[in-house]
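Notes follow the structure.
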Amino acid sequence: MTALDAKLDAARDDLAARDGVVVAFSGGVDSAVVAALAHDALDDDAVACTARSETLPAAELDDARRVADEIGIRHETVTFSELDNPDFVANDGERCYHCRTMRLGKMYEVARDRGIGTVCDGTNASDPGEGHRPGLRAVEELEVFSPLLAHDLSKAEVREAADRYDLSVADKPSMACLSSRIPTGLEVTEEKLTRVEKAERLLRTWGFSQFRVRDHDGLARIEVAPDELDAALDREFARAAREHLTDAGFDHVTLDLHGYRTGSVSPEGDGADAGPDLEQEYPVRED
Numbered sequence: 001m002t003a004l005d006a007k008l009d010a011a012r013d014d015l016a017a018r019d020g021v022v023v024a025f026s027g028g029v030d031s032a033v034v035a036a037l038a039h040d041a042l043d044d045d046a047v048a049c050t051a052r053s054e055t056l057p058a059a060e061l062d063d064a065r066r067v068a069d070e071i072g073i074r075h076e077t078v079t080f081s082e083l084d085n086p087d088f089v090a091n092d093g094e095r096c097y098h099c100r101t102m103r104l105g106k107m108y109e110v111a112r113d114r115g116i117g118t119v120c121d122g123t124n125a126s127d128p129g130e131g132h133r134p135g136l137r138a139v140e141e142l143e144v145f146s147p148l149l150a151h152d153l154s155k156a157e158v159r160e161a162a163d164r165y166d167l168s169v170a171d172k173p174s175m176a177c178l179s180s181r182i183p184t185g186l187e188v189t190e191e192k193l194t195r196v197e198k199a200e201r202l203l204r205t206w207g208f209s210q211f212r213v214r215d216h217d218g219l220a221r222i223e224v225a226p227d228e229l230d231a232a233l234d235r236e237f238a239r240a241a242r243e244h245l246t247d248a249g250f251d252h253v254t255l256d257l258h259g260y261r262t263g264s265v266s267p268e269g270d271g272a273d274a275g276p277d278l279e280q281e282y283p284v285r286e287d
């Protein structure tokens with residue numbers, strides 16, 4: 001038995017000892033592995049739940065539904081709005097704390113309605129050491145169970161586990177909620193979230209895999225992975241980006257020649273792209 005086998009078995013046993021679990025489920029690799037483990041351990045007593053809000057791209061919700069179907073786990077959604085919370089809208093250095101608190105609160109409501117005592121998330125053993133991570137404080141305060149962290153599964157081991165389960169998201173890049181595209185200190189609004197989602201849909205359509213469109217109060221700053229910069233410099237893409245992003249509501253469109261960087265609009269470049277997904281990332285992810 002390998003070390004990973006032992007960790008996965010221990011996580012399954014831990015989950016099986018519970019009366020049921022609600023998994024905060026974004027459909028990213030972390031929450032997908034937790035959902036697969038929970039389904040193995042508890043069958044119909046495990047529920048994957050995705051929180052729908054203005055910060056979750058429609059494409060990510062579609063992915064979450066598809067991945068839940070791959071796993072075979074029961075999938076539910078719950079709807080709320082982070083924009084109802086003025087602390088979230090203010091977009092200070094604690095935005096991810098406010099977001100995660102609201103999202104996980106909704107998970108507990110689902111759990112209570114179904115007589116389930118445990119809410120799980122996808123925090124893994126690599127997450128706590130990755131910079132300013134206020135979302136993790138919410139996980140701790142609400143006593144969410146993080147089986148990947150509890151049983152010391154690193155991000156690399158999580159991806160290996162996803163590959164063993166033959167999950168299509170095994171190699172999926174980290175994703176974060178749309179509010180992470182708005183620099184700290186600038187208000188989060190539905191208008192900004194909508195134009196960012198439209199802009200990133202274009203990049204996805206053009207085949208980019210790791211990217212962000214940062215919204216600097218109407219200036220779009222496109223980030224793509226360094227090995228995809230040549231494609232972003234293509235004249236046809238530049239024309240399409242200028243046209244579509246202007247139509248989406250941006251005043252100016254730029255390409256960041258540094259390429260994609262985690263946490264590039266967060267406090268102190270905090271690496272928040274890399275957090276546990278809820279998916280949320282989309283993670284409910286911090287970036």
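Going by the UniProt record's numbering, 38 is the number at position 38 of the sequence shown; the sequence numbering is gapless. We put the CB at the ideal spot given by N, CA and C, even for glycine.
| query | result |
| --- | --- |
| The segment 186-197 touching the segment 31-41, judged by at least three CB pairs closer than 8 Å | no |
| Classification of H252 by the beta-carbon crowding that lies within 10 angstroms, buried from 16 upward | exposed |
| For A199, the three-state DSSP class (helix, strand or coil) | helix |
| Cβ-based neighbour list, K106, same chain, cut-off 7 Å, excluding 5 preceding and 5 following | A51, V78 and F80 |
| E54 burial status per 10 Å Cβ neighbour count (16 or more: buried) | buried |
| Separation of C96 from R133, as counted between CA atoms | 8 Å |
| Residue 292 to T205 span [Cα, whole Å] | Because the chain in this structure spans residues 1 to 287, residue 292 falls outside the shown range and cannot be described. |
| Contiguous beta strand (DSSP E) assignments of at least 3 residues, all confined to the segment 109-194 | 118-120 |
| Closest residue to E141 among V119, L61, V158 and E157 (Cα-Cα distance) | V119 |
| Rounded Cβ spacing between L104 and N124 (contact assumed at less than 8 Å) | Not really, about 17 Å apart at Cβ, beyond 8 Å. |
| Same chain, Cβ closer than 6 Å to S146, neighbours up to 5 away in sequence not counted | D121 and T123 |
| Pick from L233, G28, H258 and A156 that is closest to L56, judged by C-alpha positions | G28 |
| Cβ-based neighbour list, R12, same chain, cut-off 8 Å, excluding 5 preceding and 5 following | L37, D40 and A41 |
| E94 in three-state terms, based on DSSP | coil |
| Extent of the continuous beta strand (DSSP E) run through D43 | Careful: D43 lies outside any beta strand (DSSP E) and carries neither H nor E. |
| F208, DSSP secondary structure in three states | coil |
| Integer Cβ distance of V23 from I116, believed to fall under 8 Å | That belief does not hold up - the Cβ atoms of V23 and I116 are roughly 10 Å apart, past 8 Å. |
| Collapsed DSSP secondary structure at I73 in the structure displayed | coil |
| Through-space distance from T184 to F250, alpha-carbon basis | 18 Å |
| Close beta carbons around S126, own chain, < 7 Å, minus the five adjacent residues each side | S154 and K155 |
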